[in-house]
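Residue numbers (UniProt numbering), protein chains in the order written: chain A, 1 to 203; chain B, 1 to 203.
To start, the structure under review is shown below, and the notes come after it.
Protein chains: 2
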Amino acid sequence: MGVTDRKEREKTEMRELIRATAMKMFLEDGYAKTSIRSIADAIEYSPGTIYLYFKDKDELLYEVQGEAYGRLLEVFKKEATSTDPLEKLRQVGRSYINFGLQNPELYDLMFIIRAPMNVDEEIHKANGGNCFSFLVDCLDDCIKKNLLRLKDIEQASLLIWATAHGLVSLNLRCRLKIMDQPEEAIPQILIKSMEDYLAAVTI
Amino acid sequence: MGVTDRKEREKTEMRELIRATAMKMFLEDGYAKTSIRSIADAIEYSPGTIYLYFKDKDELLYEVQGEAYGRLLEVFKKEATSTDPLEKLRQVGRSYINFGLQNPELYDLMFIIRAPMNVDEEIHKANGGNCFSFLVDCLDDCIKKNLLRLKDIEQASLLIWATAHGLVSLNLRCRLKIMDQPEEAIPQILIKSMEDYLAAVTI
DNA sequence: CAAATATAATGAACACCGTTCATTATGCAA
DNA sequence: TTGCATAATGAACGGTGTTCATTATATTTG
Chain A
1 MGVTDRKERE
11 KTEMRELIRA
21 TAMKMFLEDG
31 YAKTSIRSIA
41 DAIEYSPGTI
51 YLYFKDKDEL
61 LYEVQGEAYG
71 RLLEVFKKEA
81 TSTDPLEKLR
91 QVGRSYINFG
101 LQNPELYDLM
111 FIIRAPMNVD
121 EEIHKANGGN
131 CFSFLVDCLD
141 DCIKKNLLRL
151 KDIEQASLLI
161 WATAHGLVSL
171 NLRCRLKIMD
181 QPEEAIPQIL
191 IKSMEDYLAA
201 VTI
Chain B
1 MGVTDRKERE
11 KTEMRELIRA
21 TAMKMFLEDG
31 YAKTSIRSIA
41 DAIEYSPGTI
51 YLYFKDKDEL
61 LYEVQGEAYG
71 RLLEVFKKEA
81 TSTDPLEKLR
91 QVGRSYINFG
101 LQNPELYDLM
111 FIIRAPMNVD
121 EEIHKANGGN
131 CFSFLVDCLD
141 DCIKKNLLRL
151 KDIEQASLLI
161 WATAHGLVSL
171 NLRCRLKIMD
181 QPEEAIPQIL
191 IKSMEDYLAA
201 VTI
C-alpha cells in the first residue's frame, strides 16, 4: 500500500508547513499578534484546516518552542566551545543574552509568554531540558575544579539562568528605562553585567 | 457653586470605583482574563461607561500598576528595616521574592505583562522609580562601606534586581519544573538562592 | 468504468474580546 | 416647566480562537 505511505507523508508535510509558517510569523510579529486565520491565509488554506493538524494554538506554540530551544542549544554548541570551564561559562552567558536580544519574539515565546504548560510539565522538560543540561554540565566542570564560590550545582545553575533571564526579560519589557541609559548602550550593559556577575562568583 | 464640586467628587469617586474593581479582578483572575465587560458588570454599569473615565484597558493597567508599585514599596519599608546595610539588602531580596510568590497576578502585571509602555517611559519611571530607588539607596550604603564585590551602584542594582526577577518570573512561568524539585520546596529554594547570591557578592 | 465510501477541506457560526458612537436618560439652570 | 449640558447606554464594528455540518476530493470496491 504505497497510498497510505504517501498519505502519511502528505500529512506530516502539511503539519510541517503549518509549523514552519507559524514559526516564521511568530518570529516576525510575535505569538499574540499572529492569528490562526492569518496563518491559514499565509498557507492558503481555511482556518478550520489548521485544527486538523493541531489541537489548538497552544500546541502550535509548543511545537515552535521545541524548535526554538533547539536553536538556542545550537548557538550554545557553536559559541561556547572553550576548554577553560570558566571561559566556557562566560561564553554561555554571552550567547544566552545575545540570543535574547537578537530574537526578542522567540525569547518571549520560549520564556515569557503565558501558556498552560503549567500542567504538562513533560513537554517542557523535553523542550528546555537540553539547554539547561548544557549549562549544568558547564557548571559541573567549574564547581568540580573549585572555581566558583557556589557549591550546589543545581542551585548555581538556577542562579545563573535566573540572572541572565532577568537581564534579558527586564530589557524586553522595557523595565530598564528606569535607568538613565541610552537605548544603544543596553546590550553592552547586559553583557557587562553578566560578566561582572560571573566574576563576582568566581574565586 | 457647590454643584460642580460635587460633580467633580462624583467623577473621581467613579474613577476610583473602576480602578479598585479592576485591581481586585486583575489580582484574582489576571489582567488578560479580566474583560472590560466583566469590570462593567461588576460595578453594574455598561461597558461604554468605563471609557468615559479611562482611555483604554492599558490606562487601567497603568493605574493598577502604580498602586501595585506602591504596595511593593510599602512592603520594603515594612520588612527591610535593618540598620546593617547588608542585612537590609537581604531583607529587600526576601521581601521582593515573597511579594512575587504571594501576589503572582500582581507581579505579572507589574513586570511581565506586555503593554505598550514601550513608548511612554515617563509613566514607568514614575511608577517603578520609588521601588528601584529603595534598592539603589540600600546598595549605595553597602558599596560605600565597601561590603560588596560589585562597585558600580547602578550595575549592581540592575544585577540584583535581575536575579530576583529572574527567580520569580521563571517560577511564575513554571520553568523551574525543569529541575527535580517538588512544588512545595520552590519558595525556600528561591529565597535560599537569593541569599546565596548575595553572600557570593559580599566581601 | 461507475458507484460507494472514506478522507480532507471548507467556511459559516458561536462566544468571546476591546472599542466607538448615535441615541437616550438624567439632573441642573433659566 | 422648559431647555440644555452632561452622563450613561448598548448596539455595532472588526477582531479573536474554535467547532462542526456541509462540501469536495480521492481511494476503494463492485
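Using N, Cα and C, we set each Cβ at its ideal position, and we do this for glycine too.
Hey, out of the options, whose CA is closest to residue i's CA?
i: Lys78 of chain B; options: B:Thr163, B:Gly66, B:Arg94; result: B:Arg94
i: residue 209 of chain B; options: B:Gln65, B:Ile36, B:Leu150; result: Residue numbering for chain B in the displayed model covers 1 to 203; residue 209 of chain B lies beyond these limits and cannot be assessed.
i: Met25 of chain A; options: A:Thr202, A:Ala42, A:Glu13; result: A:Ala42
i: Lys192 of chain B; options: B:Ala164, B:Ile203, B:Arg173; result: B:Ala164
i: Glu67 of chain B; options: B:Ser169, B:Glu16, B:Arg173; result: B:Glu16
i: Asp140 of chain A; options: A:Lys125, A:Ala156, A:Met194; result: A:Ala156
i: Cys138 of chain A; options: A:Ser38, A:Arg90, A:Arg114, A:Gln102; result: A:Arg90
i: Ile143 of chain A; options: A:Asp56, A:Pro104, A:Ile203; result: A:Ile203
i: Gln102 of chain B; options: B:Ala32, B:Arg9, B:Thr12, B:Asn171; result: B:Asn171
i: Ile189 of chain B; options: A:Leu158, A:Gln65, A:Asp56; result: A:Leu158
i: Glu195 of chain B; options: B:Pro104, B:Thr12, B:Val92; result: B:Val92
i: Arg175 of chain B; options: A:Gln65, A:Thr81, A:Thr4, A:Ser82; result: A:Gln65
Per the DSSP calculation, residue i is bridged to which residue(s)?
i: Leu148 of chain B; result: B:Thr202
Can you tell me where the alpha helix (DSSP H) with residue i in it begins and where it stops?
i: Ser169 of chain A; result: 153-172
i: Asp5 of chain A; result: 2-29
i: Asn103 of chain B; result: Per DSSP, Asn103 of chain B belongs to no alpha helix (DSSP H) and is neither H nor E.
i: Gln65 of chain A; result: 57-79
i: Asp41 of chain A; result: 36-42
i: Leu52 of chain B; result: 47-53
Is the CB-CB distance between residue i and residue j below 9 angstroms?
i: Asp108 of chain A; j: Gly2 of chain A; result: no
i: Leu106 of chain A; j: Leu27 of chain A; result: yes
i: residue 205 of chain B; j: Leu60 of chain B; result: Given that chain B is displayed from residue 1 to residue 203, the structure contains no residue 205 of chain B and the question cannot be resolved.
i: Tyr197 of chain A; j: Ile153 of chain A; result: no
i: Tyr69 of chain B; j: Met14 of chain B; result: no
i: Arg173 of chain B; j: Ile112 of chain A; result: yes
i: Gly166 of chain B; j: Ser169 of chain A; result: yes
i: Ala200 of chain A; j: Ala162 of chain B; result: no
i: Phe54 of chain A; j: Glu44 of chain A; result: no
i: Asp58 of chain B; j: Ala126 of chain B; result: no
i: Thr49 of chain B; j: Ala40 of chain B; result: yes
Legend entry - Contact the region 86-93 of chain B vs the region 132-152 of chain B: 3+ CB pairs below 8 angstroms: yes
Legend entry - At least three beta-carbon pairs within less than 8 angstroms, the region 170-180 of chain B to the region 176-194 of chain A: In short, these stretches do not touch, since the Cβ pair count stays below three.
Inset, instruction - Would you check if there are 3 or more beta carbon pairs closer than 8 angstroms linking the region 58-75 of chain A to the region 129-147 of chain A? - result: yes
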